[in-house]
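Below is one structure, written out as structure tokens, with a few remarks after it.
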Amino acid sequence: MTAHQLLPSPTAGAAATGRTSRRRMQRTRRRSLAARYLGYVGYFVGAGLISGAVVHHPLDPDRYTRIAGYGALVFLAATVLNEFLLTRERPGLPRVLLVIGSSLALSFGIGMLSGGLQHFDDFPARGAVLVPLGLVVSFVAFVVKDADTPWHRVFSLIGLAVLISAALAFVGLRQIAASMETAGTAPGGHSHGTAEPEPAAPAPAAPTATGSPAAGPAPTPSAHGDGPGHGH
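The sequence shown begins at 21 in my numbering and counts up one residue at a time.
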């Protein structure tokens, strides 16, 4: 028996190592599927809660402030899961704080943009402000959050295009909101509890003892006292 037959082949050993590595990666992907799903769902649920709270805030400030806070917490939890727990590299504390802050701003920017568009018919004047503001805030927050993009790209041609788009959107939506208010079509859609109650019908007159409506006040006796005892 030769030495090549006694010693394991390097090629066979490398193939076995490769198969083991692939199996380990497949098990890791299966385990992280639920985590990745929860991370992406958290992004959309958090932004959805914030969008509704930002638009409806004037109707009930206390309630919708709490909803916005819950949405921000959900969005930040999804950020921590996606950016730190599901990645191989662990960033330092400055990067962690930067990502958390920019993610919070991104969630509110997306919420203002989506909420302003969705409820523009109900709150046209408010939507005309939320849509362009959300566009600018979300773009700046995304650039700051993205590790592969330098922060000064905010002032690039793309940033200028976003700023011009936001300005045009503000002017156009303000005109649309003014025309809707002039035509009396705002607010539309659902009333959010602001509809005025219908006037109540007048109550019927209370019946007297004989079943007929109550008569007016009894006439006062004459000053001459023309009663049964008055003589002529």
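Note that CB positions come from ideal geometry on N, CA and C, so glycine has one too.
Since we're looking at a predicted model, the values are computed, not measured.
| Check | Outcome |
| --- | --- |
| Coil, strand or helix - F140 by DSSP | coil |
| Through-space distance from A73 to T214, alpha-carbon basis | Bear in mind that a pLDDT of 49 at T214, under 50, signals an unreliable position, so the number given afterwards is only what the model happens to contain. Approximately 17 Å, taken between the alpha carbons. |
| Opening and closing residue of the alpha helix (DSSP H) in which L106 lies | First-last for L106: undefined, no H or E at that position. |
| Sub-8 Å separation of Y63 and A92 beta-carbons | no |
| Helix, strand or coil at S134 [DSSP, three-state] | helix |
| Check whether V157 and G129 have beta carbons under 8 Å apart | yes |
| Terminal residues of the alpha helix (DSSP H) in which F95 lies | 81 to 100 |
| Buried or exposed by the 16-neighbour rule on C-beta atoms within 10 Å, applied to I178 | exposed |
| Expected contact under 8 Å - CB spacing of L133 and L155 to nearest Å | 6 Å |
| V61: CB within 7 Å of a non-hydrogen atom of the ligand ADP | You won't find the ligand ADP in this model; it holds no ligand whatsoever. |
| Within 8 Å, strictly: CB atoms of V164 and L118 | yes |
| Nearest-angstrom beta carbon gap, P144 and E201 [assumed within contact, 8 Å] | 7 Å |
| Three-state secondary structure assigned by DSSP to P170 | coil |
| A55 beta carbon less than 8 Å from that of L113 | no |
| Nearest to A198 (by Cα), restricted to the options T169, A167, S185, D141 | D141 |
| Reduced DSSP category for S199 - H, G, I as helix; E, B as strand; rest coil | helix |
| Close Cβ partners of G59 (< 7 Å) along its chain, the five nearest in sequence each way excluded | A98, L101, N102, L106 |
| Rounded distance between the beta-carbons of H139 and V16, thought under 8 Å | What is shown of the chain runs 21 to 252, which leaves residue 16 out entirely. |
| Rounded C-alpha distance that separates G131 from G192 | 20 Å |
| C-beta atoms of L126 and A161 nearer than 8 Å | yes |
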